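So the structure is just underneath, and the comments pick up after that.
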Amino acid sequence: MSPDNPDRERPVDEPDQPMPPRTPDATPPEADPSAGTAPGGSGPGPLPPSAAYASSLELRFDEPRRPLRALATVLGAVLALAALGVPLGLLWAALAPDTPVLKTAEGAIYAEPQPEQPIAADGWFSLLGLAFGLLVALALWFVLRRRRGPVGLLAAVLGTLVAAPVAWQVGRRIGLATFERLLATAPAGQAFSKPADLRAGGVDWLLGVLPVPHGNLLLPAFGAAVMYTLLAGWSRWPGLRPEPEPGEFSWVSAGTPAPTAAPEPPAPDAAEPPRG
Numbered sequence: 033m034s035p036d037n038p039d040r041e042r043p044v045d046e047p048d049q050p051m052p053p054r055t056p057d058a059t060p061p062e063a064d065p066s067a068g069t070a071p072g073g074s075g076p077g078p079l080p081p082s083a084a085y086a087s088s089l090e091l092r093f094d095e096p097r098r099p100l101r102a103l104a105t106v107l108g109a110v111l112a113l114a115a116l117g118v119p120l121g122l123l124w125a126a127l128a129p130d131t132p133v134l135k136t137a138e139g140a141i142y143a144e145p146q147p148e149q150p151i152a153a154d155g156w157f158s159l160l161g162l163a164f165g166l167l168v169a170l171a172l173w174f175v176l177r178r179r180r181g182p183v184g185l186l187a188a189v190l191g192t193l194v195a196a197p198v199a200w201q202v203g204r205r206i207g208l209a210t211f212e213r214l215l216a217t218a219p220a221g222q223a224f225s226k227p228a229d230l231r232a233g234g235v236d237w238l239l240g241v242l243p244v245p246h247g248n249l250l251l252p253a254f255g256a257a258v259m260y261t262l263l264a265g266w267s268r269w270p271g272l273r274p275e276p277e278p279g280e281f282s283w284v285s286a287g288t289p290a291p292t293a294a295p296e297p298p299a300p301d302a303a304e305p306p307r308g
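In case it helps, the working numbering puts the sequence shown at residues 33 to 308.
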């Protein structure tokens, strides 16, 4: 062994040989068992960056498609949004003004020739419904992060389609019992008020069994669809779900062996073989 030839097994006069080419069928050497243990052998140590990235991909993006779970997500969102239609209807009833009417022999008539209260009731419902749809789409975008895409859009649109009639029925029934009682018992000429109702929207029944909303009852679903589509279009991730940044992982394969350390030079006082 000499400073020029640290390898003890190779003769001095043998020239350096190039490394054999790597074939596709070649398998990398097995990793050192001690590489995955913490210092002192107390337990497993940190995974390589490539292995950590593969694990994160497996957990985040390699989820199997489960139609039943997607259907359960949509139904749960629809039921939750239908329940939110109750406070929406209460808010609309509180903001929309009542319409003054007069009792006559034929029934109730408007106390004013052209009242503005019915138009205000439609306007308040349209504004509240549109804002409700926008907020629903924004909330579902962050709550259903794993279901972003068609499932989230379907949940937002169907949920707001159900919530709008619920809000309408809840709002219009506040004070309706009192109005009907006065309409039946009040003498002619007595003035009272009619609770808020919609004139620009309602529900039609298809074949007598399927309710089909129309008019300003569709505004919540319209707002939800527009907001969710804009969020998907502005998303920075092609899959609409957050992906790890390039700096969080390494492109080195988990099976690539780490480079071996260079051999240490011989000690200065080591005996040199005779040179011929």
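Built from N, CA and C at the ideal position, the CB exists for glycine as well. Predicted, not measured: the structure shown is a model, and the values here were computed from it.
Mind checking whether residue i and residue j have CB atoms under 8 Å apart?
i: K226; j: A140; result: yes
i: V8; j: L166; result: As shown, the chain starts at 33 and ends at 308. That puts residue 8 outside it, with no answer to give.
i: A169; j: A112; result: no
i: P159; j: A109; result: Residue identity check: residue 159 is Leu in the sequence provided, not Pro. Their beta carbons are not under 8 Å apart, which means L159 does not touch A109 by this criterion.
i: F164; j: L120; result: yes
In three-state DSSP terms, what is residue i?
i: V241; result: coil
i: G134; result: Before going on, a small fix: residue 134 reads as Leu here, not Gly. Of the three classes helix, strand and coil, the one that applies to L134 here is strand, per DSSP.
i: S267; result: coil
i: A223; result: strand
i: P139; result: According to the sequence as given, residue 139 is Gly; it is not Pro. Coil, per DSSP.
i: D236; result: strand
i: G161; result: helix
i: G155; result: helix
i: G181; result: coil
i: G247; result: strand
i: R320; result: Not covered by the structure: residue 320. The range shown for the chain is 33 to 308.
i: R98; result: coil
i: E148; result: coil
i: A199; result: helix
i: A231; result: In the sequence under discussion, the amino acid at residue 231 is Arg, which differs from the Ala named in the question. Coil.
i: L176; result: coil
i: A218; result: coil
i: P119; result: helix
i: A129; result: Note on identity: in this sequence residue 129 is Pro, with Ala being the wrong assignment. Residue state, collapsed to three classes: coil.
Alpha carbon to alpha carbon, how far is residue j from residue i? Give it in angstroms, no decimals.
i: R182; j: A264; result: In the sequence on display, residue 182 carries Pro and not Arg. The alpha-carbon atoms of P182 and A264 are separated by roughly 10 Å.
i: V244; j: W237; result: 6 Å
i: A196; j: L249; result: 6 Å
i: R204; j: L186; result: 28 Å
i: L134; j: V198; result: 29 Å
i: F174; j: L262; result: 14 Å
i: A102; j: I206; result: 37 Å
i: A188; j: W200; result: 18 Å
i: G161; j: V118; result: 12 Å
i: V235; j: H246; result: 6 Å
i: A216; j: T210; result: 10 Å
i: P99; j: Q146; result: 54 Å
i: F157; j: R179; result: 30 Å
i: A220; j: D154; result: 29 Å
i: M259; j: L239; result: 32 Å
i: P132; j: W124; result: 18 Å
i: F281; j: R268; result: For F281, the pLDDT reaches just 47, beneath the cut-off of 50, and the residue's location in the model is therefore unreliable, although a value from the coordinates is still provided. Straight-line Cα distance between these residues: approximately 19 Å.
i: G184; j: R177; result: 9 Å
i: V241; j: A218; result: 37 Å
i: A104; j: W266; result: 27 Å
i: P270; j: A115; result: 33 Å
With residue i and residue j assumed to form a contact (beta carbons below 8 Å), what rounded beta-carbon distance in angstroms separates them?
i: A143; j: A223; result: 6 Å
i: V202; j: L122; result: 6 Å
i: A253; j: L193; result: 5 Å
Per the contact definition of three or more C-beta pairs closer than 8 Å, is the region 219-238 in contact with the region 128-137?
yes
Determine contact between the region 142-157 and the region 229-239, defined as no fewer than three beta-carbon pairs at a distance below 8 Å.
yes
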